[in-house]
Structure formats: structure tokens, C-alpha cells
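S.K.:
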Amino acid sequence: MQLTWLGAAGFRLETVEGAVILLDPFLSRPAEALPLLPLHPADLSPVDEILLTQGRFDHAMDVPALVEQTGAIVHAAEAVCRNLINHGLSANRLQPISPHHAKRIGSLRWYALRGQANQVDSSPSLRARLRNEAIYQHIQPLEHAWPLGGVMAYLLECDELTVMHFGSAGWEEAGLSGLTPDILLLPVERPAQPDDNVIRLASLLQPAIIVPHHWDNYYPPLSEQVDLTPLTHILQTELPHTRIYQPTIGERFNLIDLF
2 MQLTWLGAAG
12 FRLETVEGAV
22 ILLDPFLSRP
32 AEALPLLPLH
42 PADLSPVDEI
52 LLTQGRFDHA
62 MDVPALVEQT
72 GAIVHAAEAV
82 CRNLINHGLS
92 ANRLQPISPH
102 HAKRIGSLRW
112 YALRGQANQV
122 DSSPSLRARL
132 RNEAIYQHIQ
142 PLEHAWPLGG
152 VMAYLLECDE
162 LTVMHFGSAG
172 WEEAGLSGLT
182 PDILLLPVER
192 PAQPDDNVIR
202 LASLLQPAII
212 VPHHWDNYYP
222 PLSEQVDLTP
232 LTHILQTELP
242 HTRIYQPTIG
252 ERFNLIDLF
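Everything in the sequence shown is counted per our numbering, starting at 2 for the first residue and increasing by one.
1) In whole angstroms, give me the CA-to-CA distance for ILE140 and GLY107.
2) The alpha helix (DSSP H) spanning PRO231 covers which residue range?
3) Any idea what DSSP makes of ASP122, helix, strand or coil?
4) With GLY150 and GLN237 assumed to form a contact (beta carbons below 8 Å), what rounded beta-carbon distance in angstroms separates them?
5) Applying the 10 Å Cβ sphere with the 16-neighbour rule, what's the burial state of ILE12?
6) Within 10 Å of its beta-carbon, does THR181 have 16 or more other beta-carbons around it, so buried, or fewer, so exposed?
7) Between the Cα of LEU52 and the Cα atoms of GLU144, SER29, GLY8 and LEU157, which residue gives the shortest distance?
8) Determine the direct distance from the alpha carbon of THR163 to that of GLN247, and round the result to whole angstroms.
9) Going by C-alpha distance, which of GLN70, LEU223, ARG57 and PHE167 is nearest ASP49?
10) With distances taken Cα to Cα, identify the nearest neighbour of TYR112 among TYR137, HIS88 and TYR155.
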């Protein structure tokens, strides 16, 4: 499997057979966003399926245009699917998710987990309101148009590797017990503290590799680029045998090469 980080929580996953899945693709970055994404929507084709962890704008807003371009099938929580229909996406391109119901595309097997994620500390609206009323007024229409909907995570298995993708980190332990992915795609939207959800999630899953994402300045001035040094230092103590791989936006990497 090969991954390309698209910025925010977005990834493009490609199998050796050529099957392509997009995870939370968000390409509508302002010109001021950093780091620069050297890709355009046309560069992502072909795409077979799109998996969404939630319905917020930085996860789902670009999906109708991407489906029109690629013809991909979209998998998301039922509430997210309904909102995508409201934004013009045809219902026949949508498959509401049944958690723990495995699906296949070639040699890739995946299934979704439904979460009760704690969204308070990752809410764009809350962060904007606390920082600047003008920013909040700017982001409020986006939040209204693209509500959270249901929260999902994904477990993907291929080439004897397991990858877990989260769009938010505040998950309850009960829903994840017994899972030990090889690679964890971990959302990091602020400098880590020892008691943060990202640390608890990583410690619970005990992956061999952590790939942090969502640390970029993807939608300034709402967002800020996150220093990953605190995360690295904490996890070196908590998970001394886990490697942290910081992806370069827009650059493809082979998962097997991370080991």
C-alpha cells in the first residue's frame, strides 16, 4: 500500500493492484495555507471509493466535486450522507455505513467503527470563537452547512498490514479494545499534552507506526500549524517502541518502508 497525505485529515491510499481510496479529502485550501499542497483534484484520479470519518467542511466539503470528477462511491455515516445529498450529491453514489460490516476492494479489506468522539476541543467553531469573534463570524456559515454528523474511524487491511484512520481523537476506550493496528493515522490539531486525547488514543492502540495528520495550517486564520515536538517527546516515553513518521504533504510513501 502507498499513502499520500493531502493535508488536514486527508489521505490517498493506493493498493498494489491499483485500487484507490480517499480518506477525508479536503483540497479547498486557501492560498495562505501551509505547507503548500502540490496537488490538484485532477491529480487524485482515478478514485474508487471515498471514506469519511465525519461531515465537517474540512472532511466532506470537496466530496461532491470529487465524485463528479471520478465517479467514486462515498461511504459515510447516514447523517453525513443526507447532508451530501443536500449539497447535490446523487444518492446512488452514497453508501451509508454499517459499522463492523467488512467490505472489499480487490485485496483491500476495510470496515468502519462508529464513535462517540468528544468533539468539544476539536470544534472549529469553538476555537474560532475563543480566539477572534471576526473569525467565528466567518466560519459559522461553513459549520452550519457542514455539521459533524456521525463519527467514524476505519480499519483497513492489505498486504498483511493494518491501518487505522481517525479524523478525531476523543474516542471511548470500550469501542477500541483489542485493536492493535500496525499503522495509526493520528489527528493532531494542537501541541500535545500528556493527558490529551491523542496520547490516550495512541497508548490504547499501541501501533508500531504513528503517522500524524491534521497538524498543518489548512484553513488560516482558523487553523495554525502545530509543533509536533511535544507529541514526539511524550510518545517516546509512553510508547518507546513506536516510530513516528511525519509525512510530507503531497508526497507518496510506501507503508512497508516505514518498518
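No residue lacks a Cβ here, since even glycine has one placed at the ideal position from N, Cα and C. The structure presented is a predicted model; accordingly, all values stated were derived computationally and were not measured.
M.R.: Taking the geometry as given:
1) About 40 Å.
2) In the DSSP assignment, PRO231 falls within the alpha helix (DSSP H) that extends over 230-239.
3) Only weak support exists for where ASP122 lies, its pLDDT of 48 falling under 50; the coordinates are left without a value.
4) The C-beta distance from GLY150 to GLN237 rounds to 35 Å, too long to meet the 8 Å contact threshold.
5) The residue you asked about is not Ile; residue 12 is Phe in the sequence shown. Answer is buried; the Cβ neighbour count reaches 16.
6) Exposed, because fewer than 16 other Cβ atoms sit within 10 Å of the Cβ of THR181.
7) Cα-wise, what sits closest to LEU52 is LEU157.
8) Approximately 18 Å, taken between the alpha carbons.
9) The option with the nearest alpha carbon to ASP49 is GLN70.
10) Closest in C-alpha terms to TYR112, from the list TYR137, HIS88 and TYR155, comes TYR155.
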